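First up is the structure itself, then whatever we jot down about it.
There are 2 protein chains.
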Amino acid sequence: MDIRDVAKRAKVSTATVSRTINQVATVDTQLAKRVWKAVAELGYYPNRQARALVSGKSRVFGLIVSEITNPFFPEIVQTFETVAVEHNYEILLTSTIHDPKRMELAVRRMIEGRVDGVAILTFGMEDELLAHLRFRNLPLVFIDVGPKAPRVSNIRVDYAHGIRQAVQHLAAMKHERIGFVTGPLRLRSAAVRRDAFEESMREIGLPVKPEFIVAGDHRLEGGKRALQDLYKLREQPTALLCSNDMTAIGVMRQAFDLGIAIPRDLSVVGFDDIRMADFVIPPLTTVQMSQTELAKLAFDALLREVKRDDPTPDGTEYLLTTQLILRSSTTFPPDLGHARQPSASKRD
Amino acid sequence: MDIRDVAKRAKVSTATVSRTINQVATVDTQLAKRVWKAVAELGYYPNRQARALVSGKSRVFGLIVSEITNPFFPEIVQTFETVAVEHNYEILLTSTIHDPKRMELAVRRMIEGRVDGVAILTFGMEDELLAHLRFRNLPLVFIDVGPKAPRVSNIRVDYAHGIRQAVQHLAAMKHERIGFVTGPLRLRSAAVRRDAFEESMREIGLPVKPEFIVAGDHRLEGGKRALQDLYKLREQPTALLCSNDMTAIGVMRQAFDLGIAIPRDLSVVGFDDIRMADFVIPPLTTVQMSQTELAKLAFDALLREVKRDDPTPDGTEYLLTTQLILRSSTTFPPDLGHARQPSASKRD
DNA sequence: AAAATGTCCGTAAACGTTTACCACGCCGCT
DNA sequence: AGCGGCGTGGTAAACGTTTACGGACATTTT
Chain A
1 MDIRDVAKRA KVSTATVSRT INQVATVDTQ LAKRVWKAVA ELGYYPNRQA
51 RALVSGKSRV FGLIVSEITN PFFPEIVQTF ETVAVEHNYE ILLTSTIHDP
101 KRMELAVRRM IEGRVDGVAI LTFGMEDELL AHLRFRNLPL VFIDVGPKAP
151 RVSNIRVDYA HGIRQAVQHL AAMKHERIGF VTGPLRLRSA AVRRDAFEES
201 MREIGLPVKP EFIVAGDHRL EGGKRALQDL YKLREQPTAL LCSNDMTAIG
251 VMRQAFDLGI AIPRDLSVVG FDDIRMADFV IPPLTTVQMS QTELAKLAFD
301 ALLREVKRDD PTPDGTEYLL TTQLILRSST TFPPDLGHAR QPSASKRD
Chain B
1 MDIRDVAKRA KVSTATVSRT INQVATVDTQ LAKRVWKAVA ELGYYPNRQA
51 RALVSGKSRV FGLIVSEITN PFFPEIVQTF ETVAVEHNYE ILLTSTIHDP
101 KRMELAVRRM IEGRVDGVAI LTFGMEDELL AHLRFRNLPL VFIDVGPKAP
151 RVSNIRVDYA HGIRQAVQHL AAMKHERIGF VTGPLRLRSA AVRRDAFEES
201 MREIGLPVKP EFIVAGDHRL EGGKRALQDL YKLREQPTAL LCSNDMTAIG
251 VMRQAFDLGI AIPRDLSVVG FDDIRMADFV IPPLTTVQMS QTELAKLAFD
301 ALLREVKRDD PTPDGTEYLL TTQLILRSST TFPPDLGHAR QPSASKRD
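For the protein sequence lines, the chains are A and B, in the order given.
If you use the working numbering, the first sequence corresponds to residues 1 to 348, in order.
If you use the working numbering, the second sequence corresponds to residues 1 to 348, in order.
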């Protein structure tokens, strides 16, 4: 069942059917009524592929995330989808799982699908691969790491602001031994967060001890491992900033296994403010980076670029701010000024 | 740049290009080599829409989930995507967010996209809307609730098994006052879980008190509210089964606010075994329902149906089992046989 | 009253593939 | 030598839309 069936039944040409459906030209009220009637009676739905083929626009945006399994991203996907369908766009979603092979595959899929633009929210997995995309002159939107080029937008995140707030918050409570669990450092945003941490520490006049900077992976497991490593040291930090919330949650879980009470023995701060952050125990103090805001920004950037006929040579920059959210995972350091006592396990 | 450019450059016809690319007929080694060379040199990627149009197969499967924001689903999406791309399929993803409007929209999007099949993993939001899909004779796969019909597969979940294990586990520790937090009951699977709970209680000879069965929504907030309500009662349960893990986590969070220690004052059991279940504090005892298994089953069902030329009149049934995973959120009831003492807050 | 303008609508080409059909050349058989 | 069969490659139709172009008619202008 196609547009010709509709045309036949409404006794008009296919052109008229197309015009009434797309409201792209005025068509006589009587005819339009007949068309709509035929559409309803036949249960006609236009064929998206055919439309795409002839119009040269697929009305699909690619969305590349690093790991949909990380609770940071579903929120983004959800709102990206919501605003996309409002504008009659579809999404071609893929998660790269930090795997270059999958990134390559993703690019191929995007091109074969003839998407009208791609949002690359992998926080720094950009590559020569993207050259393929660039080559096609596709609208792109990156987070943090995009090159200055026509048709590519960039969402810059002000990581430093929230992180500085976090460090100040800890310092105000007289923490001096503050550690940091990084993300995977080949991710640009992970490196930036760590740098912002070190920078903030120096600003305040606190020492950044190299052994207090320990590697995570932005996953739960990395947080666990990080705390394990940290507690093999002779002297431990009294507070710990984490590169994202998943890391922080992993840290808290490991603390539980080790019998370390949060926040009494160790203050923990996360990053992202995923929804779960308010539901772990204790509720996690964290730096908020609005996922819905990010998704909307990304979509708007793409849409704007699609509509623009004369792109700016350097692309467009957007800004996303961050902000500390106080909850219950931080407090004063234990035994202020004294040696640390191992605390009893919370299990009884 | 299209197949004709490739043909021209390789000095063959478009038919030959198509044949070598799709490996659908034997083509002379020399010619094939020339074709591949041309493809590489031009950076040619076939146009998916054109392919779909002429072949009548879009190689896209629809995937409808209820809420991608619920950590149960990302896991499914991830593995569904992984196996889909292995078979050269794309995904048209949508989450209905329990909203009939969005369900309607989803169906329309699926049809306009001419998907080759749809996996409906909403646990019971099926509707007259699906008649549109059925009407098109599309392969469908449901979880729990699909009708017996040609081209529709069904994944039956053995909720009862895991839930019975959970109740037995609790009963073995001499819990007698066991409560249940339901999901949204218009979801078939939520009702089934509750029924399985009541059934198991009766089997064991434990009373199911109506006031101990309280309404949740399969979200964190519902769990919080449920425990609030429960603790307004004169007498409280000593153990609580939850219709899913998110609910259980909400319960635990509210317990924290109320100063109720888990599991000392209250044993909690979840359902689903989302990854986070092992990372909350204390680690959640829960009934596992493998998300990766589910995703694979759904995809295989669709793929099989697509290939099948003579579908069975009643569709196909698949089975997914469930199983209790013991962790640390359950223990013996407090003050066995005595009145409950309010316990001190965990915060100090 | 004729010309000019405007409003609708239909015809047909075009989008980029796949594939049915046919032509060609080669091989082996009688 | 002639013929059938087979392996291979090209021609062109088809998929379901949108839209440029032109025609028919109505309305306004001269």
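Think of the CB as a built atom: it goes at the ideal place given N, C-alpha and C, for glycine as much as any other residue.
It should be emphasised that the depicted structure is a prediction, and the values quoted were computed from it without experimental measurement.
Under the DSSP definition of a beta bridge, A:Glu317 partners with A:Asn154. According to the DSSP assignment, A:Asp99 belongs to no beta strand (DSSP E), since it is labelled neither H nor E. Excluding its 5 nearest sequence neighbours in each direction, A:Ala226 has C-beta neighbours in its own chain below 6 angstroms: Val181, Val214, Gly216, listed in chain order. Each residue's CA atom was taken as its position, placing A:Phe256 and B:Ile281 some 7 angstroms apart. Within chain B, the C-beta atoms nearer than 7 angstroms to that of A:Ala50 come from Leu53, in chain order.
By the Cβ neighbour-count rule, B:Asn137 is exposed, with fewer than 16 other Cβ atoms within 10 Å of its own. Taking C-beta atoms as the reference points, B:Gly270 and B:Leu230 fail to come closer than 8 angstroms. The straight-line gap separating the alpha-carbon atoms of B:Val60 and A:Val306 is approximately 24 angstroms. Note that the C-beta distance between B:His161 and B:Thr285 is not below 8 angstroms.
Within chain B, the residues placing a beta-carbon under 8 angstroms from that of A:Tyr45 are Arg108, Ile111, Glu112, ordered along the chain. The segment 291-302 of chain B makes no contact with the segment 199-209 of chain B: fewer than 3 CB pairs, one atom from each, lie closer than 8 angstroms.
For A:Glu176, the secondary structure class from DSSP, reduced to helix, strand or coil, is coil.
Taken in chain order, the members of the segment 51-82 of chain B whose beta-carbon sits within less than 9 angstroms of a beta-carbon on chain A are Arg51, Ala52, Leu53, Ser58, Glu67, Ile68, Thr69, Asn70, Pro71, Phe73, Pro74, Glu75, Val77, Gln78, Glu81, Thr82.
Per the DSSP secondary-structure output, A:Phe271 pairs in a beta bridge with A:Val287.
Around the beta carbon of A:Asn88, a 10 Å sphere encloses fewer than 16 other beta carbons of the protein chains shown; the residue is thus reported as exposed.
Look at A:Val192 here: in three-state DSSP terms it is helix. Distance from the Cα of A:Pro100 is smallest, within the candidate group A:Glu81, A:Leu129, A:Glu75, for A:Leu129. Taking the C-beta atoms as reference points, B:Gly250 is found no nearer than 8 angstroms to B:Leu187.
The criterion of a C-beta distance shorter than 8 angstroms is satisfied by A:Met110 and A:Gly62. Under the three-state reduction of DSSP, A:Glu86 is assigned to helix. Burial state of A:Ser200 is buried, judged by a 10 Å Cβ sphere holding 16 or more other Cβ atoms. Pairing B:Asp144 with B:Leu319 gives a Cβ-Cβ distance that is not under 8 angstroms. By the CB criterion at 8 angstroms, B:Gln78 and A:Ile68 fall inside the cutoff.
Per DSSP, B:Gly146 lies in no alpha helix (DSSP H) segment and is marked neither H nor E.
From the beta-carbon of A:Ile91, the residues of chain B found nearer than 7 angstroms are Leu93. Against chain B, the CB of A:Met173 has no partner CB under 8 angstroms away; the residue lies outside that interface. Under the DSSP assignment, A:Ala25 falls outside any alpha helix (DSSP H); it carries neither an H nor an E label.
Between B:Leu324 and B:Ala84 the beta-carbon gap is near 31 angstroms, outside 8 angstroms, which marks them as no contact.
At a cut-off of 8 angstroms between beta carbons, A:Arg134 makes no contact with chain B. Check the Cα spacing between A:Val115 and each of A:Val24, A:Leu93, A:His98: the tightest is with A:Leu93. Counting along the chain, no alpha helix (DSSP H) covers B:Phe332, and no H or E run does either. The beta carbon of A:Met252 falls within 8 angstroms of a beta carbon belonging to chain B, placing the residue at that interface. Excluding the 5 residues flanking it on each side, B:Met289 has same chain C-beta neighbours closer than 6 angstroms at Asp272, Thr322, in chain order.
Exposure of A:Met1 is indicated by the presence of fewer than 16 other C-beta atoms within 10 angstroms of its C-beta.
Nothing from the segment 200-215 of chain A brings a Cβ to less than 9 angstroms from some Cβ of chain B. Proximity of A:Leu105 to chain B, defined by a Cβ-Cβ separation below 8 angstroms, is satisfied.
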